[in-house]
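Asks: By the working numbering, the letter at position 379 of the sequence shown is numbered 363, and the numbering carries on one by one without gaps. Glycine included, every Cβ here is placed at the ideal spot set by N, Cα and C. Mind looking over this structure? Questions follow.
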Amino acid sequence: MYFIFAIMANENNTFKNIIAHCKEYGYIFPSSEIYDGLGAVYDYGQNGVELKNNIKQYWWKAMVQMHENIVGIDSAIFMHPTTWKASGHVDAFNDPLIDNKDSKKRYRADVLIEEYTEKIRGKINKEVDKAAKRFGDQFDKEQFLATNQRVLDNKKKIDAINERFKNAMEKNDLNEVRQIIIDCDIADPVSGSKNWTEVRQFNLMFSTEVGSTVDNANTIFLRPETAQGIFVNFLNVQKTGRMKIPFGIAQIGKAFRNEIIARQFIFRMREFEQMEMQFFVKPGEELKWYEYWKEHRIKWHKSLGIADNKYRFHDHIKLAHYANAACDIEFNFPMGFKELEGIHSRTDFDLKSHEEHSGKKLQYFDNETNSSYVPYVIETSIGLDRMFLAIVSNAYQEEKLDDGSERVVMKIPAPLAPTKAAILPLTKKDGLPEKAREIINQLKLDITVQYDEKDSIGKRYRRQDAIGTPYCITIDHQSLEDNTVTIRDRDTLEQKRVAINVLLEMLTSRVSMTRLLNLN
Ligand code: ATP
């Protein structure tokens, strides 16, 4: 029917187009735009909020509703300041920063190094592609990776850099981190300059004061993650819910980080939302559950129908102070593969540390063994805004149709689309708008619908394509005679005549989350 026309210009342009599109169609606006905005803070518009709510629901259903042993909470953003001492955020929630003296741009040293090793990995992939072409069906990728000298040399280079970086960070040796950047000959991506400052640590938490006078003011922090609200409520939930290990506590909520390098749209924000789940297990069983959650989470992502090759796992080399295993699920965003979700085996670090700082026991009594222990924890943590960006950037397509016309379409998975169906009377007269309103009244309790009578039907289709509405229902003169309408599919452009009385059932089954969510 149609083909995607030349991947327009380069990836940067595509990203710019996506950002502009999000603004034009009421998805995302810069915060306080009339005052020229605020760096790395964004507002979600009328369509954005619907998509965001649907993503939350899709996650909540998969994590809470479908698991007998997982419950949700909604803890406060403000917490007792000792929380952040216990969690390690006061002392260790830092980014190593480096400035370029010529461009005056500031970077995260770890990100510069990671991007450098990614470039080397790109070379390996190119070698593989070349060899695959040369050898055709005979090509054995595993063997090639294990024996090709250029691949082996590049792998060795990556391992050496990673090892050096890991050691430097473990010793907090910032001079060595800088030296890696110098030795790798890493240049400022913007200016090409290699004139670097020292590396410094910078704490990412925002602080503010509670209390009305300066005298009794008490510094508190805006939470940098939702996880700690779960840990401090571990016993409350376990006792009141009579939860038996293994069990999980889930939460969706705002988090705040004073990100220094504020770029890449909603990928890195100062105020964002997380969807986190902490799964409490018996010590010694954590790695089994870590594997379980890795698999379960990637299934959740793939259930949305996005291509498999858009995702990959990235195992952490430098483990956080609390973890004994950790990986990211990375997504191929317009700027390349980047972290979308983290899965961490956090040991008993958090609960133990809260025990020490609060003086309260945070233990589980095991009836079978008649003994108490501090549970181990597996965490799954995904940024809601990053998930939003993954969906939107994957959905955005510029297409040339068979008739030569062009369209911009957002192929958002139907169950997540802000509006499920647009109701369009062919003309504004002859009783067609009234018939359209009748249909809206039949549908609106169950699915989100939008009425539109302005402009030609072609223009209205384009508008709905641009918003990502999966179905357009057109009411014409025949509808008045035989109670049928035309239903148009956003993705296939197929149009079918259907009876009005089957519309509700047809649409609800096609846009239902349940259809996608069968993960087991
Ligand atoms: P990054 O390395 O990209 O800064 P992180 O490893 O610090 O991320 P976590 O602390 O593991 O991130 O947070 C869990 C999830 O929260 C991330 O996978 C990401 O999706 C999301 N997230 C973290 N920081 C931000 C941010 N500044 N803006 C938007 N989402 C974020």
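Can you tell me the Cβ-Cβ gap for D83 and R90, rounded? I've got them flagged as a contact below 8 Å.
Replies: Indeed they touch by this definition, with Cβ atoms about 5 Å apart.
Asks: Within the same chain, show all residues whose beta-carbon is closer than 7 Å to that of L528, passing over the 5 residues directly before and after it, in chain order.
Replies: This structure leaves residue 528 out entirely; the chain is present only between -15 and 504.
Asks: Whole angstroms are fine: how far does the CA of F249 sit from the CA of I3?
Replies: Distance between the alpha carbons of I3 and F249 is about 7 Å.
Asks: Taking C-alpha atoms, which residue in Y357, K140, W44, D292 lies nearest to K336?
Replies: Selected option, being the one with the closest Cα: Y357.
Asks: Does DSSP classify L408 as helix, strand or coil?
Replies: Correct three-state label for L408: strand.
Asks: Taking the CB atoms as reference points, tell me whether R184 and L158 lie closer together than 8 Å.
Replies: Yes, the Cβ-Cβ distance between R184 and L158 is below 8 Å.
Asks: Report the residue from T67, L22, N31 whose alpha carbon sits nearest the alpha carbon of K344.
Replies: Out of T67, L22, N31, T67 has the C-alpha closest to the C-alpha of K344.
Asks: Would the region 207 to 226 count as touching the region 53 to 61 if we require 3 or more Cβ pairs under 8 Å?
Replies: Touching, yes.
Asks: Give me, in chain order, the residues of the same chain whose beta-carbon lies closer than 6 Å to that of L288; leave out the 5 immediate sequence neighbours on both sides.
Replies: Once the five neighbours on either side are set aside, the close Cβ partners of L288 are P397.
Asks: Within 10 angstroms of its Cβ, does N354 collect 16 or more other Cβ (buried), or is it exposed?
Replies: With fewer than 16 other Cβ atoms within 10 Å, it is exposed.
Asks: Taking the straight line between their C-alpha atoms, what separation do you get for K178 and L303?
Replies: Looking at the two C-alpha atoms, the distance is approximately 29 Å.
Asks: Does DSSP put A(-7) in a helix, a strand or coil?
Replies: In this prediction, A(-7) has a pLDDT of 40, which is less than 50 and means its spatial position is unreliable; nothing more can be read from the coordinates.
Asks: Nearer than 7 Å: is that true of the beta carbon of G237 relative to any heavy atom of ligand 1?
Replies: Answer for G237: no, Cβ out of range of ligand 1.
Asks: Whose CA, out of S496, D475, V469, lies closest to the CA of A483?
Replies: Comparing Cα-Cα distances from A483 to each of S496, D475, V469, the minimum goes to V469.
Asks: Give, in chain order, every unbroken run of the beta strand (DSSP E) that is at least 3 residues long and sits entirely within the region 108 to 176.
Replies: Counting only runs of 3 or more, we get nothing.
Asks: For my contact list, P402 and L35 are in at a C-beta cut-off of 8 Å; report their separation, rounded to the angstrom.
Replies: With 8 Å as the limit, P402 and L35 qualify as a contact, their Cβ atoms being about 5 Å apart.
Asks: Measure the C-alpha to C-alpha separation of K294 and N187 and round it to an integer number of angstroms.
Replies: Each residue's alpha carbon lies about 32 Å from the other.
Asks: Taking the C-alpha atoms as reference points, what is the distance between A93 and R162?
Replies: When rounded, the distance between both Cα atoms is 8 Å.
Asks: In chain order, what residues of the same chain lie with their CB nearer than 6 Å to the CB of G32, ignoring the 5 residues before and after it?
Replies: Within the same chain, G32 has close Cβ partners Y11, I12.
Asks: Report yes if the C-beta of S365 is less than 7 Å from at least one heavy atom of ligand 1; otherwise report no.
Replies: It does: the Cβ of S365 is within 7 Å (strictly closer) of some heavy atom of ligand 1.
Asks: Taking DSSP as the reference, what is the three-state secondary structure of E465?
Replies: Here E465 sits in helix by DSSP.
Asks: Tell me the rounded alpha-carbon separation between A246 and E255.
Replies: Using only the alpha carbons, I get a separation of about 11 Å.
Asks: Who does S191 pair with in a DSSP beta bridge?
Replies: In DSSP, S191 forms a bridge with F205.
Asks: According to DSSP, is M(-15) helix, strand or coil?
Replies: With a pLDDT of only 34 at M(-15), under the threshold of 50, the placement of this residue in the model should not be trusted; the figure read from the coordinates follows. In the structure shown, M(-15) sits in coil (DSSP, three-state: anything other than H, G, I, E or B).
Asks: The beta strand (DSSP E) spanning L500 covers which residue range?
Replies: Neither: L500 is in no beta strand (DSSP E) and is coded neither H nor E.
Asks: Taking S16 as the reference, give the member of G29, Y9, H5 with the closest Cα.
Replies: Ranking G29, Y9, H5 by Cα distance to S16 puts G29 first.
Asks: Among I451, E98, P409, R105, which residue has its Cα nearest to the Cα of I165?
Replies: Nearest option by C-alpha distance: E98.
Asks: Given W277, which residues of its chain have a CB within under 7 Å of its CB, disregarding the five upstream and five downstream residues?
Replies: Only F263, I327, I362, T364 meet the Cβ criterion.
Asks: With 16 other CB atoms within 10 Å as the buried threshold, where does N138 fall?
Replies: Per the 10 Å Cβ criterion, buried.
Asks: Rounded to the nearest angstrom, what separates L487 and R241 at their Cα positions?
Replies: Straight-line Cα distance between these residues: approximately 46 Å.
Asks: With distances taken between CB atoms, is the gap from I54 to F231 smaller than 8 Å?
Replies: Taking 8 Å as the Cβ cut-off, I54 and F231 qualify as a contacting pair.
Asks: So the candidates are F315, I170, M227, F251; which of them puts its Cα closest to the Cα of Y26?
Replies: Checking every option, the nearest Cα to that of Y26 belongs to F251.
Asks: Please state the DSSP three-state secondary structure of V95.
Replies: Three-state result, V95: helix.
Asks: For A144, does the count of other Cβ atoms within 10 angstroms reach 16, so buried, or fall short, so exposed?
Replies: Label assigned to A144: exposed.
Asks: Helix, strand or coil for I471, going by three-state DSSP, please let me know.
Replies: Three-state DSSP puts I471 in a strand.
Asks: Counting only the same chain and skipping the five closest in sequence on each side, list residues whose C-beta sits under 7 Å from that of A379.
Replies: Counting only Cβ-Cβ distances below 7 Å, and skipping sequence neighbours, we find M394, K395, I396, G452.
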